[in-house]
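Report on the following structure.
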Amino acid sequence: MAKKLPKTPSIQLAPSILSCDFAKIADEIAEIASNGIEMVHLDVMDGHFVPNITFGPPVVAKIRKCSDLFFDAHLMITDPQKYAQPFIDAGVDNITFHIEVVPEPTDFIKKLHDSGISAGLCLNPETPVSAIEKYAPLADMILVMTVHPGFGGQSFIAKAAEKIAPIRQIVGPDVRLEVDGGIDPETARLVTSYGADTLVAGNAIFGQTDRAVAIKAIRSACSK
Ligand code: DX5
Ligand code: ZN
Numbered sequence: 140m141a142k143k144l145p146k147t148p149s150i151q152l153a154p155s156i157l158s159c160d161f162a163k164i165a166d167e168i169a170e171i172a173s174n175g176i177e178m179v180h181l182d183v184m185d186g187h188f189v190p191n192i193t194f195g196p197p198v199v200a201k202i203r204k205c206s207d208l209f210f211d212a213h214l215m216i217t218d219p220q221k222y223a224q225p226f227i228d229a230g231v232d233n234i235t236f237h238i239e240v241v242p243e244p245t246d247f248i249k250k251l252h253d254s255g256i257s258a259g260l261c262l263n264p265e266t267p268v269s270a271i272e273k274y275a276p277l278a279d280m281i282l283v284m285t286v287h288p289g290f291g292g293q294s295f296i297a298k299a300a301e302k303i304a305p306i307r308q309i310v311g312p313d314v315r316l317e318v319d320g321g322i323d324p325e326t327a328r329l330v331t332s333y334g335a336d337t338l339v340a341g342n343a344i345f346g347q348t349d350r351a352v353a354i355k356a357i358r359s360a361c362s363k
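For the sequence shown, the working numbering begins at 140 and goes up steadily by one.
This is the structure:
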């Protein structure tokens, strides 16, 4: 049975395993869990929608066996509708997909809900809020990309973060609003002040030697 997204209005950090040591993935996830993390962000890339390839359902299924955290899958793939079921079977709790490849997502969101998981709707830095406006209230989470998807460790695009406040207006307080790309203590403060409540961080957590310190630094920077 899939887990529910952590209740709003809590701030959640979702470390992205893209920046972890893949040779020790179980230990890496256990370490963040022991620091109070409830969600882990799984960046799935297909070498087509983005110029990079990561991992697919068989890897997720193995990771599922060694962690009880909420699995937040971010599908940066051209055909998320085709591959959703294998990821659901592998044990993800949420699928976030891109509006750029599913411009009319009502049925897909319903399908994810019927399968018992949460649905997230993502928009790239150049994609306007108007693209998701009609569908945003149907989703459980909106993901605002603040880098061009494909790689960890890129610089935060401040202009893209300006979409957070208008999206919060549209969805109200109960839909999670996640930000992905270039999050560190400074940008975490900014995006939470705009209304974000879910922060993906790769480099700023798994890229650091002391993860406890890194997590604490982002948490304490967040605007309450
Ligand atoms: C980028 C991914 C991100 C990435 C974030 O395409 O969607 O989740 O891991 O990495 P950082 O936090 O290093 O920018
Ligand atoms: Zn991501």
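C-beta: ideal position from N, C-alpha, C; glycine also.
Per the DSSP calculation, residue i is bridged to which residue(s)?
i	result
H237	C261
Q151	T337
I192	D185
R328	Beta-bridge pairing links R328 to no other residue.
L316	I281
V179	F210
Looking at residue i: is its Cβ nearer than 8 Å to the Cβ of residue j?
i	j	result
A278	I248	yes
M284	P264	yes
H180	S149	no
I238	I271	yes
V240	I281	no
M236	P219	Strictly speaking, residue 236 in this sequence is Phe, with Met absent from that position. It is a contact, given that the beta carbons lie within the stated cut-off.
F290	T326	no
M178	A153	yes
I306	V268	yes
C361	T331	yes
V310	P288	no
A335	I303	yes
G230	V189	no
Among the options, which residue has its Cα nearest to the Cα of residue i?
i	options	result
E301	I156, L316, G259	L316
F210	D246, P219, P196	P196
M215	I303, S294, R307, D182	D182
T266	S254, V286, K250, L251	V286
A356	G346, P324, D336, G341	P324
A258	V310, D232, E177	D232
I171	L208, V189, A162, T147	L208
Y222	D185, M140, V352, L260	D185
I166	S206, H187, T147, V199	Before going further, note that residue 166 is Asp rather than Ile in the sequence given. That would be S206, whose Cα lies nearest to the Cα of D166.
K163	K201, K146, A353, G175	K201
When you measure from the CB of residue i to every non-hydrogen atom of ligand 3, does any distance come out below 7 Å?
i	result
P264	Because ligand 3 does not appear in the structure shown, any question about it cannot be addressed here, the ligands present being ligand 1 and ligand 2.
From the DSSP output, in three-state form, read off residue i for me.
i	result
D211	strand
K221	helix
Q308	helix
A360	helix
A169	helix
I248	helix
A299	helix
P197	helix
**Study point:** Neighbouring residues (CB closer than 5 Å to any heavy atom of ligand 2)
**Key:** So the residues near ligand 2 by this Cβ test are D182, H213, D319.
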